[in-house]
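Below is one structure, written out as structure tokens; comments come after it.
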Amino acid sequence: MKILAQAALKALRSLDWPLLAILVLMTLLGLTVMHSAVGGTDWRFADQSRHFLLAFFVLWIVAVIPLPRLMQLAPWFYSIGVVLLLGVEFFGETSKGATRWLDLGIVRIQPSEMMKIAVPMMLAWYFHRHQGKIGILDFLAAAFLLAVPFALIVLQPDLGTALLVFASGFCVIYFGGLSFKLLTPVFLAVVVVLGTVVYYEDQICQPEVDWVVLHDYQKHRVCTLLNPGSDPLGKGFHTIQSMIAIGSGGIYGKGYMQGTQSHLNFIPERTTDFIFAVYAEEFGLYGGIMLLVLYGLLILRGLAIAVRAHTQFGRLLAGSMAMMFFVYVFVNMGMVMGILPVVGVPLPFMSYGGTALLTLGIACGILMNISTYRPVRR
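In this text, residue positions in the sequence shown follow my numbering: the first is 8, and each later residue adds one.
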């Protein structure tokens with residue numbers, strides 16, 4: 008009994024209670040919206056419930072692993088992920104025009120998902136090992152460590168996951184001491200490119216124009232963003248219907264399970280990437296603000312954990328996890344509201360999917376681990 012009591016006490020001490028409270032609220036809200044999106048308690052609702060249970064179990068496992076042990080595992084985790092991405096490139100399974108899955112015989116995995124965690128862990132480990140003597144060569148080495156998995160994921164092609172991996176890794180590099188002055192030319196180049204695309208939309212969106220750096224479907228997504236009405240029953244259907252759903256929700260929403268766009272099947276992928284349209288139609292502007300407040304609290308808690316972390320590894324990794332949540336929310340809501348291209352990024356704790364929830368559970372477990380870690384003073 009004494010051993011069990013000590014184990015239970017250790018388990019309780021490994022949890023960050025403010026973060027856990029936010030996650031419980033997000034879980035309840037996510038299951039509520041999923042119940043409406045599927046129109047009841049069908050197999051998808053049951054699956055999502057099991058996914059949440061598994062995510063919380065994995066969260067606890069990650070939270071109780073000693074932080075120094077996680078830091079030791081970072082290079083191995085990253086190396087295995089890169090090898091698996093190379094395996095996808097040569098032996099992966101193709102589905103719907105993309106090669107993202109790898110069949111290992113006993114399990115079928117998507118290695119790009121693990122890189123959302125492996126890349127920031129590796130970069131945080133690298134900067135921790137070199138803290139106090141970081142120079143330009145270290146930033147170039149970090150950029151290379153980020154560029155390898157990013158390029159392999161883009162080749163699959165999976166631009167949405169590649170952007171999330173890039174964002175989580177870039178945040179580590181920036182928090183590691185990268186000067187904002189070095190980013191100014193990149194920022195100006197992006198503004199020029201975006202301005203050129205918008206100005207010459209009619210010319211560059213013609214079918215015969217090849218964008219070279221992007222696949223045809225990615226070109227169509229950008230052109231559809233600029234003018235959804237150009238193909239309202241085809242490529243622009245997702246964006247137009249989701250915008251109609253959000254707008255029809257008004258200030259107060261139509262009420263729980265009363266959304267017409269979703270329940271009449273006008274919103275494609277309403278349980279996954281476009282679940283925010285279902286939520287906004289039924290709960291309106293006030294519901295949307297409440298959801299943003301919850302996400303804001305989650306991100307702020309992650310940043311607070313980063314500020315209070317006792318190691319460089321913990322600070323960089325916690326900051327990256329918090330900003331990863333921000334990118335998830337920003338990109339998903341942006342594409343649903345028609346201000347960003349559709350790139351297939353789920354809404355955290357809301358969209359259906361076990362792999363995405365497992366990744367989020369690991370990220371939250373890492374945050375709890377960093378929050379409760381206290382180095383042993385010799």
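Backbone N, C-alpha and C fix where the C-beta goes; we use that ideal spot for every residue, glycine too. Small disclaimer: the values here were computed from a predicted structure and weren't measured.
Checking contacts by CB at 7 angstroms: is Val-216 closer than that to chain D?
-> Among the chains of the structure shown, chain D does not appear; only one protein chain is present.
Taking only runs that begin and end inside the stretch 94-163, name each unbroken alpha helix (DSSP H) of 4 or more residues, in chain order.
-> 118-136, 143-161
Report yes if the CB atom of Cys-178 is closer than 7 angstroms to the CB atom of Ser-327, and no otherwise.
-> yes
Which residue from Ile-346, Val-155, Val-126, Val-198 puts its Cα closest to that of Asn-234?
-> Ile-346
Glu-288: buried (16+ other C-beta within 10 angstroms of its C-beta) or exposed?
-> buried
Using alpha carbons as the reference points, say which of Ala-131, Ile-160, Phe-187, Phe-59 lies closest to Leu-324.
-> Ala-131
Quick one: residues in its chain with C-beta nearer than 8 angstroms to the C-beta of Arg-381, no 5 flanking neighbours on either side, listed in chain order?
-> His-317
Would you check if the distance between the CB atom of Glu-100 and the CB atom of Asp-110 is smaller than 7 angstroms?
-> yes
Would Ile-282 be called buried (16 or more neighbouring beta carbons within 10 Å of its own) or exposed?
-> buried
Rank Phe-64, Pro-164, His-135, Leu-298 by C-alpha distance to the C-alpha of Pro-355 and give the top, closest one.
-> Leu-298
When Gly-303, Pro-118, Gln-138, Gly-139 are compared against Asp-165, the one with the closest alpha-carbon | Pro-118
Neighbour-count burial assignment, Thr-231, 16 or more Cβ in a 10 Å radius | buried
Would DSSP call Met-264 helix, strand or coil?
-> coil
Would you call the CB atoms of Met-264 and Ser-43 closer than 7 angstroms?
-> yes
In whole angstroms, what separates the C-alpha of Val-334 from that of Gly-94?
-> 28 angstroms
Along the chain, where does the alpha helix (DSSP H) that runs through Asn-272 open and close?
-> Here Asn-272 belongs to no alpha helix (DSSP H), and DSSP marks it neither H nor E.
Where the alpha helix (DSSP H) through Asp-54 begins and ends = 50-71
Quick one: what does DSSP say Ile-306 is sitting in, helix, strand or coil?
-> helix
Cβ neighbours of Leu-30 in the same chain (closer than 7 angstroms, five flanking residues each side left out) = Cys-371
Closest by CA to Met-340, which one among Met-375, Gly-295, His-135, Thr-168?
-> Gly-295
Between which two residues does the alpha helix (DSSP H) carrying Ala-174 extend?
-> 166-182
Given Gly-37 as reference, the closest of Arg-107, Phe-52, Leu-170 once Cα atoms are compared = Phe-52
Taking the alpha-carbon positions, what's the Asn-376 to Arg-107 distance?
-> 30 angstroms
Helix, strand or coil: how does DSSP classify Pro-235 here?
-> helix
Burial state of Asp-49, where buried means 16 or more other Cβ atoms lie within 10 Å = exposed
Do you know whose CA, among Pro-25, Leu-292, Asp-217, lies nearest Ser-255's CA?
-> Leu-292
CB of Phe-151 within 7 angstroms of CB of Gly-183, strictly = no
Expressed to the nearest angstrom, what Euclidean distance is found between the alpha-carbon atoms of Arg-322 and Val-172?
-> 18 angstroms
Assigned secondary structure, Tyr-405 (DSSP; H/G/I helix, E/B strand, else coil) | The requested residue 405 does not occur in the structure, where the chain is confined to residues 8 to 385.
Can you tell me which of the three DSSP states Thr-318 falls into?
-> coil
For Gly-88 versus Met-121, is the C-beta distance shorter than 7 angstroms?
-> yes
Determine the DSSP secondary structure at Lys-226, reduced to helix, strand or coil.
-> helix
Ser-358 and Thr-279: beta carbons closer than 7 angstroms?
-> yes
For my contact list, Phe-59 and Leu-374 are in at a C-beta cut-off of 8 angstroms; report their separation, rounded to the angstrom.
-> Incorrect: roughly 17 angstroms between the Cβ atoms, too far for contact.
Keeping to the same chain, check which residues put their C-beta closer than 8 angstroms to that of Ile-160; ignore five residues upstream and five downstream.
-> Leu-92, Ser-119, Met-122, Thr-168, Ala-169, Val-172
Residue nearest to Val-90 in terms of C-alpha spacing, selected from Ile-211, Phe-64, Gln-55, Val-155 | Val-155
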